[in-house]
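K.L.:
Here you go, one structure.
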Amino acid sequence: MRFLLCASFAGEEHFPMKPFAIRWNPNSIVIKLIGAFLLVMLPLCVLSISITYYSSNQMQAEVERANESKLHFYYSHLEFELQRMTALVTEYSLDDALSTFSTRIPIMSRYEIDSNLNDILTKLLQVKETSPYISDVVYYVPQINKRVSAVDGIREVTDREWQSLLGTMGNLNGALSKYQDELYLLRSNPFNLDSNVPPNFLLGIKLSSAELKLRLKEFAASGGSDITLAFGSRNEYVVSSAEELPKLLQGSIPVAGKEAVSVQRYRIEDSFYYSLYDQANNFTLTADIPNTVLMKPIHIYSQLLRLLTVVSVGIIVLFSFWTYRTIHRPMAVLIRGFRKAEQGQTGIYITHSRKDEFGYMYSQFNEMLRHLHTLIQENYVQQIRTGEAELKHLQSQITPHFLYNSLFSIKQMAEVENVELIKEFSDYLGQYFRYITRDSAQEVTLQQELDHALVYLAIQRIRFGSRIRAEVDDIEPGWRGIQVPRVLLQPIIENVFEHGLQHKSKNGLLKMSYEQVEDRLSIIIEDNGDSLSEEKLIQLQRQFGSGESAQGEITGLLNVNQRLRIKFGSGFGLQAERSTLGGLCIRVNISIKGGAGNAADDDSR
Numbered sequence: 000m001r002f003l004l005c006a007s008f009a010g011e012e013h014f015p016m017k018p019f020a021i022r023w024n025p026n027s028i029v030i031k032l033i034g035a036f037l038l039v040m041l042p043l044c045v046l047s048i049s050i051t052y053y054s055s056n057q058m059q060a061e062v063e064r065a066n067e068s069k070l071h072f073y074y075s076h077l078e079f080e081l082q083r084m085t086a087l088v089t090e091y092s093l094d095d096a097l098s099t100f101s102t103r104i105p106i107m108s109r110y111e112i113d114s115n116l117n118d119i120l121t122k123l124l125q126v127k128e129t130s131p132y133i134s135d136v137v138y139y140v141p142q143i144n145k146r147v148s149a150v151d152g153i154r155e156v157t158d159r160e161w162q163s164l165l166g167t168m169g170n171l172n173g174a175l176s177k178y179q180d181e182l183y184l185l186r187s188n189p190f191n192l193d194s195n196v197p198p199n200f201l202l203g204i205k206l207s208s209a210e211l212k213l214r215l216k217e218f219a220a221s222g223g224s225d226i227t228l229a230f231g232s233r234n235e236y237v238v239s240s241a242e243e244l245p246k247l248l249q250g251s252i253p254v255a256g257k258e259a260v261s262v263q264r265y266r267i268e269d270s271f272y273y274s275l276y277d278q279a280n281n282f283t284l285t286a287d288i289p290n291t292v293l294m295k296p297i298h299i300y301s302q303l304l305r306l307l308t309v310v311s312v313g314i315i316v317l318f319s320f321w322t323y324r325t326i327h328r329p330m331a332v333l334i335r336g337f338r339k340a341e342q343g344q345t346g347i348y349i350t351h352s353r354k355d356e357f358g359y360m361y362s363q364f365n366e367m368l369r370h371l372h373t374l375i376q377e378n379y380v381q382q383i384r385t386g387e388a389e390l391k392h393l394q395s396q397i398t399p400h401f402l403y404n405s406l407f408s409i410k411q412m413a414e415v416e417n418v419e420l421i422k423e424f425s426d427y428l429g430q431y432f433r434y435i436t437r438d439s440a441q442e443v444t445l446q447q448e449l450d451h452a453l454v455y456l457a458i459q460r461i462r463f464g465s466r467i468r469a470e471v472d473d474i475e476p477g478w479r480g481i482q483v484p485r486v487l488l489q490p491i492i493e494n495v496f497e498h499g500l501q502h503k504s505k506n507g508l509l510k511m512s513y514e515q516v517e518d519r520l521s522i523i524i525e526d527n528g529d530s531l532s533e534e535k536l537i538q539l540q541r542q543f544g545s546g547e548s549a550q551g552e553i554t555g556l557l558n559v560n561q562r563l564r565i566k567f568g569s570g571f572g573l574q575a576e577r578s579t580l581g582g583l584c585i586r587v588n589i590s591i592k593g594g595a596g597n598a599a600d601d602d603s604r
C-alpha cells in the first residue's frame, strides 16, 4: 500500500517527506496491541522455559548422581583391596616361619637358613598372587643382611636399604607409606620408633602403580571423566588417569578430617569435581568431568529452549510487522499530515487507495484542509500585507533619523577638510539609500542583506571612529542564496550602536558569527556593552517569544521578529540572551529550506 502526502497548489515545489516515527505514548493503540500480545505470549514463554529448565536440572541431578555412584563404587573396590592387603601383611607378619626366623638364626646351620629363606620366598609369591594391585612382596632380615623379594628373589642388602624403607613407615599418615615413588604396606617386628634400631624382620607389600592407573583409566573411560587417587595430607603420592594433576588437588585436601565418607562437589573454571576422602587410609579420590561432558545428556533441552526462543521472537517480530503495516504506518502518514498542517502548510493532501477506516480518515483530513485553506488564505495574505506595511513604516522611521546623523557626520568631516573620508562616507551613504529605497522586492538573498548590513556597519564605524571595532565571520557559500526579508540585519546592528556601544569611550566590540543546527541557521550579533540590565533582557526575551508589537526604542527589533515569524513560522525569529562578551546577544534564527509558505511534498511507503 502506498501513501502520498503532497501539496495542492499549482507550481509549488515538491520535496520528499522525512521519515517519521511515532513517539512513545502509553495511550497509543499500537502500544496497547503489542502490550496485550506480550501479556499473552510472555506467560507461555516463561512456562515453557521453566519446564525446560526444570527438566534440565532433573537430568543434571541424575547425571551427577550417576557420577557419584561410580565414584563410590571405585572407592568401595579400592577400600576392599586395601583392607585385604592390610590384613595379608598383618597375617603374614604373625606367621611362624616369618616371625621366628630371625630368632632361630643363631642355632641354625647355613643350609637351614637357606632352606627357610626359600620357604619364605614361596609364601611371598603366594601373597603376590592374591591381588593384581600387588607388584612385589619384600621381607628384610637385618640380622643377616638378607632381603627376600617375590620379584627379585633372595639377595644381600645393606643396612641403609632397610633403614630407609623402615624410616618411611607411616609417612602418609595412614596404613600406606611412600618409598622411592612407590606405595608400601609395611610391618616390622618388633615395632620401634627408632629406624636405626634393627628389627627382627621387616615385611612390606609394594603396590602396583601401573595397575592402579590402569583401573583408574578403565573407570574414567566409562563416564568421559578423569579420576585421580591422591595419598597423603598434601597429596604426596598421586595416581591419575589424566596427564596433569587436577586443579582441585593442586592445594591441600579440601575435605580432610571428615569421619563420614561423602562426595563433595566443586566447580573450577569449566569442569566439575567430585571428591571423596577416606580417613583410614588417608587418600582422596577425585573425578573431574568437563562441563561439556556433564551437560551432554541435557544438550537436547538447551536446543529446544533455543528453538522455543527463536520461534517466540519470530512470532513477536511478525506480529509487530503486521501491526506496523496495518496500523502504525497509515497512522504515521496521518500524523505527518497533521504536523505539516500545524506548521502552516494547509495546501497538502493525502492520496491513497485504502477502503478501511483509515481511508475515511484520509478523505476527511483532505476535506478539512481544503476548508481550512480557504478560511485562512485571506488572513494569510492580510498578514503579508501587514508585514509589508510594517517594512515601509520601518523604512520611514529609519531614513530621517539616519539621514540627519549622516549629514551631521559629513558636516564634521567638512570642517576638518577630510576630503577622502567624505568621499568614502558619501559612497557608503549612496549604497545604503539605494538599497533602502528600492521597493521592487520584499525579499532578498542573505548575501545581499549581509552586504547592506556591512555598508551600514562601515558608515557607523566612520562615525564612531577608533573606539568601536567589528569582527564579522565569512558566510558559507551554501547559505548566501537563502531568501530573507529586506532590512533584516541593519535594525539589529543599529540597536547595538545606539544602545550597546553608544557610551563606550574605547574598546567597543561588535561581533557577527553563524551557527547551523539541522535546518536552522542562526546569525549571532553580540556586543560588549555594559548598559544591559537583567530586567531589560527578561522583557526583551518575553516580547520576542510572544511575537508582540511595541512602541519605543526596540520597535525595530520587534518588527524584524514579527516579519521573520511570518516568513518562516513561529519557531523562528529573534532570540535574546546575555553575550559572553558582556553585552546583548541577538540570534537571528532563519530556516535554510525557506519560509512557511514553501510547503514540502511527502511520499511515504
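Reading the sequence shown from the start, the letters are residues 0 to 604 in numbering that gives the first Met the number 0.
Ideal Cβ positions, reconstructed from N, Cα and C, are used throughout, including at glycine.
1. Output the residue ranges of the alpha helix (DSSP H) runs that lie fully inside the stretch 150-207 and measure 4 residues or longer, sorted by chain position.
2. Under 7 Å, do I591 and D473 count as touching if we go by C-beta distance?
3. Report the option in L77, V237, A96, L93 whose CA atom is closest to the CA atom of R214.
4. S408 and L428 - do their beta-carbons sit closer together than 7 Å?
5. Identify every run of the beta strand (DSSP E) within the stretch 426-491, keeping only runs that are complete inside it and at least 3 residues long; order them along the chain.
6. Along the chain, where does the beta strand (DSSP E) containing F266 start, and where does it finish?
7. On the CB-based measure, 16 or more other CB atoms within 10 Å of its CB, does H370 come out buried or exposed?
8. DSSP three-state label for P289, please.
9. Taking only the alpha-carbon atoms, compute the straight-line gap between G256 and Q278 and give it to the nearest angstrom.
10. Can you tell which of S207, L275, S176, L202 has its C-alpha closest to the C-alpha of E235?
11. If you reduce the DSSP assignment to three classes, tell me which class E128 lands in.
12. Reducing DSSP to helix, strand and coil, say where A241 ends up.
13. What's the gap between the Cα of Y74 and the Cα of L284?
14. Looking at the structure shown, is S108 part of a helix, part of a strand, or coil, going by DSSP?
15. So G499 and G528 are in contact, right, with Cβ under 8 Å, and what is the actual spacing, rounded?
16. Quick one, are the C-beta atoms of I104 and Q142 less than 7 Å apart?
17. Since I589 and L520 should fall inside the 8 Å C-beta cutoff, what is the C-beta to C-beta distance between them, to a whole number of angstroms?
18. How do the stretch 49-56 and the stretch 201-208 stand: do at least 3 beta-carbon pairs fall below 8 Å, yes or no?
19. Along the chain, which unbroken stretches of the alpha helix (DSSP H) at least 4 residues long are found entirely within the stretch 29-63?
20. For the candidate residues L123, P198, A35, whose alpha-carbon lies nearest to that of D151?
21. Taking the continuous beta strand (DSSP E) assigned at E576, which residues delimit it?
22. Between V137 and the rest of its own chain, which residues show a CB-CB distance below 6 Å, the 5 nearest in sequence each way excluded?
23. Across which residues does DSSP place R233 in a beta bridge pair?
24. DSSP state of R353, grouped into three classes?
25. What number of angstroms, rounded off, separates the C-alpha of Y91 from the C-alpha of T99?
26. Can you tell me the Cα-Cα spacing of M40 and I326, whole angstroms?
P.N.:
On the basis of the supplied data:
1. 158-166
2. Taking the sequence shown and counting its residues from 1, the one referred to as residue 591 is at position 592. Taking the sequence shown and counting its residues from 1, the one referred to as residue 473 is at position 474. Taking 7 Å as the Cβ cut-off, I591 and D473 do not qualify as a contacting pair.
3. Translated into the one-based positions of the sequence shown, residue 214 becomes position 215. When only C-alpha atoms are compared, the closest one is L77.
4. Working through the sequence shown from its first residue, we reach residue 428 at position 429. Working through the sequence shown from its first residue, we reach residue 408 at position 409. Cβ distance not < 7 Å, so L428 and S408 don't count as in contact.
5. 442-444, 467-471, 482-484
6. Numbered from 1 along the sequence shown, position 267 holds the residue referred to as residue 266. According to the sequence displayed, residue 266 carries Arg and not Phe. Start and end: 262-267.
7. For the purposes of this step, residue 370 is taken as residue 371 along the sequence shown, with counting starting at 1. Exposed: under 16 other Cβ atoms inside 10 Å.
8. What you label residue 289 is simply residue 290 of the sequence shown in a count that begins at 1. Reduced to three states, the DSSP call for P289 is strand.
9. Counted from its first residue, the sequence shown places residue 256 at position 257. Counted from its first residue, the sequence shown places residue 278 at position 279. Any reading at G256 is ruled out, since the residue's pLDDT is 44, under 50, leaving its predicted position unreliable.
10. Here residue 235 refers to the residue found at position 236 when the sequence shown is read from its first residue. Among S207, L275, S176, L202, the Cα nearest to that of E235 belongs to S176.
11. For the purposes of this step, residue 128 is identified with residue 129 of the sequence shown, where counting begins at 1. Three-state result, E128: coil.
12. Working through the sequence shown from its first residue, we reach residue 241 at position 242. Coil.
13. Translated into the one-based positions of the sequence shown, residue 74 becomes position 75. Translated into the one-based positions of the sequence shown, residue 284 becomes position 285. Rounded to whole angstroms, Y74 to L284 spans 7 Å at the Cα level.
14. Residue 108 sits at position 109 when you count from the first residue of the sequence shown. If DSSP states are grouped into helix, strand and coil, S108 belongs with coil.
15. Taking the sequence shown and counting its residues from 1, the one referred to as residue 499 is at position 500. Taking the sequence shown and counting its residues from 1, the one referred to as residue 528 is at position 529. Sure, about 3 Å apart at Cβ, within 8 Å.
16. Walking along the sequence shown from the start, residue 104 turns up at place 105. Walking along the sequence shown from the start, residue 142 turns up at place 143. A contact, by the Cβ cut-off of 7 Å.
17. Position 590 of the sequence shown, counted from the start, is the residue given in the question as residue 589. Position 521 of the sequence shown, counted from the start, is the residue given in the question as residue 520. Rounded, the Cβ-Cβ distance is 5 Å, consistent with contact.
18. no
19. none
20. By one-based count along the sequence shown, residue 151 stands at place 152. Nearest C-alpha to D151: L123.
21. Within the sequence shown, the letter at position 577 stands for residue 576. From DSSP, the beta strand (DSSP E) with E576 extends over 572-577.
22. Residue mapping note: residue 137 aligns to position 138 of the sequence shown, counting from 1. Once the five neighbours on either side are set aside, the close Cβ partners of V137 are S148, G203.
23. Your numbering for residue 233 matches position 234 in the sequence shown. DSSP output for R233 lists no bridge partner at all.
24. Mapped onto the sequence shown, residue 353 falls at position 354. R353 falls in the coil class under three-state DSSP.
25. Your numbering for residue 91 matches position 92 in the sequence shown. Your numbering for residue 99 matches position 100 in the sequence shown. Taking the straight line joining both Cα atoms gives about 12 Å.
26. Walking along the sequence shown from the start, residue 40 turns up at place 41. Walking along the sequence shown from the start, residue 326 turns up at place 327. Computed Cα separation, rounded: 20 Å.
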